[in-house]
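In what follows, a structure is listed as structure tokens, so that the remarks can point back to it.
Protein chains: 2
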Amino acid sequence: MSVRADAKRNHDKLLQAAREVFRERGLEAPLDEVARRAGVGAGTLYRHFPTRDDLLNALMQAFIDRLDAAADAAIAVDGSPRERLLSWVRGGVAEVTYSKGAAARLTAALGDDESRIATKAAAFAQASGRVVEALGADLRPGVDGVQLARLVGGLAMVVDQGELDESAFAPLADVLVDGLLAPTVVGS
Amino acid sequence: MSVRADAKRNHDKLLQAAREVFRERGLEAPLDEVARRAGVGAGTLYRHFPTRDDLLNALMQAFIDRLDAAADAAIAVDGSPRERLLSWVRGGVAEVTYSKGAAARLTAALGDDESRIATKAAAFAQASGRVVEALGADLRPGVDGVQLARLVGGLAMVVDQGELDESAFAPLADVLVDGLLAPTVVGS
DNA sequence: ACCTGAACACCGTTCAAGT
DNA sequence: ACCTGAACACCGTTCAAGT
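In order, the protein sequence lines correspond to chains E and V. Just so you know, the first sequence maps onto residues 9 to 196 in our numbering. Just so you know, the second sequence maps onto residues 9 to 196 in our numbering.
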């Protein structure tokens, strides 16, 4: 009612343009490129999304949905606790590194309620928390969703920064997973 | 002989200015601030240090010395393998986060021979490698210096991004350390 | 109420002119 | 051989004028 039709249309065009530009050039891509591709003036972009993170936040719902799906899939893995946890670590890192720079932004926002993407970071922590709950006593005592999200985020930043391939990534994920599992009593 | 006295003096003034500016404002501080504080023209800065990383590389020797000292201290810790490894993880993270943004730059350079700070990243990997060697069979098989440096760098990025305090950092370091140790046989 | 796009600020980088 | 600093390019952000 109170939003003009052209405002709504520009809002959608900006989101679509940002989706493309961020995918092609990463999350630090120039914002005037977004405005240009959306076919609107620079001021219109800033009216709808005052900061880069506001724009990012609006784009991230689909990302959060995929992250939740990865957590669900990990919890449902028919195997050992180790396999379930590894599934989440792999799935989480894969989603968080979907766009270059996303891992650093999300991890930074994990402890920051003032962040414009605070709700998305919280969803990341909650997805991790669901995995923590599902693993129960198989997980190292005292680990919570925020801690798990930070560790996954840290690993994702390493992958993002160093552009690691699977063979370089796998041993790091193994270290993280084994450190997260409760110590097992062998040979008793 | 072939370097003019004013060139040498400008070189030193730039390093001193960069040390101050990077400490105060982080590694992404404006370079013209460095030139201004050194009292030289912008072109002089670019003549001596064509890229930001060249300037950083020249500043990092002292940093590498401290990193080596942290590795030595860790190896010399009079305690369990776990305590020695924890000492390195804590010391390494502390040094790598000395300046904001350093963790990301160093970790990115770990796999990149073309990086202008490649020698410094290699020193980071070598210091980690010395800890790996010192721990021998107490460490998880297959772990090398580059992997350990990546994990320490990842944790350092989490601390850097999220500005974590000791109470938030400690449990993450514990997870990493336990994942890095060889599985122990308990109760056999 | 919202839009446009020129204008300003900031910073990296180059290069003509100077010594 | 090296230095200076004006000039250019790029990009974020604001705002006067328009509809």
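All C-beta atoms in this analysis are idealised placements derived from N, C-alpha and C, irrespective of residue type, glycine included. Note that the structure is predicted; figures quoted are calculated from it, not measured.
Exercise. When we look at the beta-carbon of residue 11(V) and count the other beta-carbons within 10 Å, is it buried (16 or more) or exposed?
Worked result: Here residue 11(V) refers to the residue found at position 3 when the second sequence is read from its first residue. By the beta-carbon neighbour count (other beta carbons within 10 angstroms, threshold 16), residue 11(V) is exposed.
For this session: From the DSSP output, read off the bridge partner residues of residue 189(E).
Result: Here residue 189(E) refers to the residue found at position 181 when the first sequence is read from its first residue. Answer by DSSP bridge pairing, in chain order: 147(E).
For this session: Just the chain V side, please: which residues come within less than 7 Å of residue 147(E) by C-beta, in chain order?
Result: For the purposes of this step, residue 147(E) is identified with residue 139 of the first sequence, where counting begins at 1. In chain order: nothing, as chain V lies at least about 10 Å away.
Exercise. Ordered along the chain, which non-local residues of its own chain (more than five positions away) have a Cβ less than 6 Å from that of residue 105(V)?
Worked result: Counting from one through the second sequence, the residue named residue 105(V) turns up at place 97. Here the set comprises 111, 164, 167, 168.
For this session: Count the other CB atoms, across all protein chains shown, that sit within 10 Å of the CB of residue 113(V); report buried if there are 16 or more and exposed otherwise.
Result: Locating residue 113(V) in the second sequence gives position 105, where the first residue counts as 1. It is buried - the Cβ of residue 113(V) has at least 16 other Cβ atoms within 10 Å.
For this session: Check each candidate in 121(E), 150(E), 47(E), 185(E) and name the one with the smallest Cα separation from residue 170(V).
Result: Working through the second sequence from its first residue, we reach residue 170(V) at position 162. When only C-alpha atoms are compared, the closest one is 121(E).
Exercise. When we look at the beta-carbon of residue 99(V) and count the other beta-carbons within 10 Å, is it buried (16 or more) or exposed?
Worked result: Translated into positions along the second sequence, residue 99(V) becomes position 91. Classification of residue 99(V): buried, given that the 10 Å Cβ count is 16 or more.
For this session: Return the first residue and the last residue of the alpha helix (DSSP H) that residue 113(V) is part of.
Result: Residue numbering aside, residue 113(V) sits at position 105 when the second sequence is read from its first letter. Counting along the chain, the unbroken alpha helix (DSSP H) around residue 113(V) starts and ends at 110-117.
Exercise. Among 23(E), 97(E), 174(E), 178(E), which residue has its Cα nearest to the Cα of residue 77(E)?
Worked result: Reading the first sequence from its first residue, position 69 is the one you call residue 77(E). For the residues 23(E), 97(E), 174(E), 178(E), the minimum Cα distance to residue 77(E) belongs to 97(E).
For this session: Over the uninterrupted alpha helix (DSSP H) stretch that includes residue 60(V), give me the two end residues.
Result: Mapped onto the second sequence, residue 60(V) falls at position 52. Note, residue 60(V): alpha helix (DSSP H), 60-67.
Exercise. Would the region 66-86 of chain V and the region 119-137 of chain V be scored as touching if the rule is three or more Cβ pairs under 8 Å?
Worked result: Touching, yes, given that three or more Cβ pairs across the two stretches are closer than 8 Å.
Exercise. How would you label residue 175(V), buried or exposed, when you count the other beta carbons within 10 angstroms and need 16 or more for buried?
Worked result: Position 167 of the second sequence, counting from 1, holds the residue named residue 175(V). Exposed: under 16 other Cβ atoms inside 10 Å.
Problem set entry | Neighbourhood of residue 27(E) by C-beta, 7 Å cutoff - its chain only, sequence neighbours within 5 removed | Here the question's residue 27(E) lines up with position 19 in the first sequence. 67, listed in sequence order.
Problem set entry | Same chain only: Cβ atoms within 8 Å of residue 86(E), ignoring 5 sequence neighbours per side | What you label residue 86(E) is simply residue 78 of the first sequence in a count that begins at 1. For residue 86(E), where only same-chain residues beyond five positions count, there are no Cβ hits under 8 Å.
Problem set entry | Per-residue burial, residue 196(V) [other beta carbons within 10 Å of its own, 16 or more giving buried] | Numbered from 1 along the second sequence, position 188 holds the residue referred to as residue 196(V). With a pLDDT of 43 at residue 196(V), under the threshold of 50, the modelled position of that residue is not reliable, and no figure is offered here.
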